[in-house]
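One structure is given here, and the rest of the page talks about it.
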Amino acid sequence: MEKPGRAGCETNADFVHDLKSGGGCQTVQRVGSEPHVKKTPPAVVDVRDWIDRLKEAGEEAGFAVQALGQAQGLEVLQLHRSGPAKGRSFYLSAGIHGDEPAGVATLLDCLESGFFSTRHSWTLYPLLNPCGLAAGTRENADGVDLNRDYLAAGTAEVRAHREGLRGHGRFDLSACLHEDWEAKGFYLYSVSREAVRGLDEAVVERVRRIGPVESALEIDGHAARDGIIRPPLEVINGREDWPEALFLFHHHSDLNFTLETPSARPLADRVMMMTAALAALIEGYLERFR
Numbered sequence: 001m002e003k004p005g006r007a008g009c010e011t012n013a014d015f016v017h018d019l020k021s022g023g024g025c026q027t028v029q030r031v032g033s034e035p036h037v038k039k040t041p042p043a044v045v046d047v048r049d050w051i052d053r054l055k056e057a058g059e060e061a062g063f064a065v066q067a068l069g070q071a072q073g074l075e076v077l078q079l080h081r082s083g084p085a086k087g088r089s090f091y092l093s094a095g096i097h098g099d100e101p102a103g104v105a106t107l108l109d110c111l112e113s114g115f116f117s118t119r120h121s122w123t124l125y126p127l128l129n130p131c132g133l134a135a136g137t138r139e140n141a142d143g144v145d146l147n148r149d150y151l152a153a154g155t156a157e158v159r160a161h162r163e164g165l166r167g168h169g170r171f172d173l174s175a176c177l178h179e180d181w182e183a184k185g186f187y188l189y190s191v192s193r194e195a196v197r198g199l200d201e202a203v204v205e206r207v208r209r210i211g212p213v214e215s216a217l218e219i220d221g222h223a224a225r226d227g228i229i230r231p232p233l234e235v236i237n238g239r240e241d242w243p244e245a246l247f248l249f250h251h252h253s254d255l256n257f258t259l260e261t262p263s264a265r266p267l268a269d270r271v272m273m274m275t276a277a278l279a280a281l282i283e284g285y286l287e288r289f290r
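Under my numbering, the first residue of the sequence shown carries the number 1, and numbering increases by one thereafter.
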């Protein structure tokens, strides 16, 4: 039996068209409809069950599933599926903060619903901090914020992640899925070596159709406008507490997005918003860089 995925999408244009129209290759439900999160526990997270489902869904979708290591007996997973040489390469990660489950649920939902086009290569790290997710804490079991450890690499989880990335070279686009407990709406960080104005706006506008966009003019010390933060490179390059996104930008991707949903919203809403953001991001990238 054919593996799930958009095997019928013959070109980037086909993929973009079907993302827009919700037909054919587009198996994730259209913006404004309920995503496939009804199977996900709404409150209590059974982390081992989520890991098992990620492994099963990844294998069913044709991904090579590898455990990079374990944190207190919980596997840190890497999923990879290669596409044709002419395709693009995409990187997605989630769950680096254990109190931000929506990104993990989104990637699980995308795997189970056939979101990932077979015309491109995908590398996923769907749950980088399983101990944090089990405890409902931002930090890992040792009280360390993994998303500040990518330069020092003092934690086993980050070392395993960095080692896993060694075999993958550079990605055309990387995105880190996050949540913000203080935010009232969706927002994103955009970091790139070349001007790609319009792509971040397209993502925000897609999300705006189904949920609120953050209106604050300053977020975590960064200037923001219409839910978009474009931190100057000289500012982020001066940091010593590297987040995952900065490590990716320096070593694996010239274009990185950090997507943030408001954790005060219901989980189903956050997954819907994040799925819409991912669809708009991939669609917009393929339109601009064919």
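Just so it is clear, CB atoms sit at the ideal spot from N, CA and C, and this is done for glycine as well.
Reference residue i, options the options, closest by Cα
| i | options | result |
| --- | --- | --- |
| V204 | R225, D220, V191 and E218 | R225 |
| I282 | D99, A216, L199 and G69 | L199 |
| R162 | A105, L146 and L177 | L146 |
| A175 | S253, I228 and G136 | S253 |
| L127 | E100, A245 and A152 | E100 |
| P84 | S113, G114 and R119 | R119 |
| V45 | G221, D220 and T137 | T137 |
| L107 | G98, G62, A57 and P266 | A57 |
Bridge partner(s) assigned by DSSP for residue i
| i | result |
| --- | --- |
| Y125 | S93 |
| F186 | V213 |
Own chain partners of residue i with C-beta closer than 6 Å, once the 5 adjacent residues on each side are dropped
| i | result |
| --- | --- |
| P249 | According to the sequence displayed, residue 249 carries Phe and not Pro. V191 and N256. |
| R298 | Any question about residue 298 goes unanswered here, given that the chain covers just 1 to 290. |
| A43 | Any answer about A43 is weak, because its pLDDT of 43 lies below 50 and its placement is not dependable; what the coordinates show is given next. Closer than 6 Å at Cβ, skipping near neighbours: no residue. |
| W50 | none |
| L278 | none |
| D241 | R148 |
| L173 | F90, L255 and Y285 |
| Q66 | Q78 |
Residue j beta carbon less than 8 Å from that of residue i
| i | j | result |
| --- | --- | --- |
| F90 | F171 | yes |
| L77 | L54 | yes |
| R239 | L233 | no |
| G95 | N129 | yes |
| L259 | G227 | no |
| R166 | W122 | no |
| S93 | L177 | yes |
| A105 | T261 | no |
Bounding residues of the beta strand (DSSP E) (the contiguous stretch that carries residue i)
| i | result |
| --- | --- |
| T261 | L255 to P262 |
| A175 | L173 to D180 |
| R81 | L74 to R81 |
N- and C-terminal bounds of the alpha helix (DSSP H) containing residue i
| i | result |
| --- | --- |
| G69 | First-last for G69: A64 to A71, but that is the beta strand (DSSP E), not the alpha helix (DSSP H). |
| H251 | E244 to H251 |
Cβ neighbours of residue i in the same chain (closer than 8 Å, five flanking residues each side left out)
| i | result |
| --- | --- |
| G284 | G198, L199, A202 and V203 |
| A223 | L217 and I229 |
| A156 | G69 and A71 |
Spatial neighbours of residue i in its chain, beta-carbon cut-off 7 Å, leaving aside the 5 residues before and after
| i | result |
| --- | --- |
| K39 | Its pLDDT being 39, under 50, K39 is placed unreliably in this model, and the value from its coordinates should be taken loosely. Correct list: empty, nothing qualifies. |
| P243 | N147, R148 and Y150 |
| V158 | L146, D149 and Y150 |
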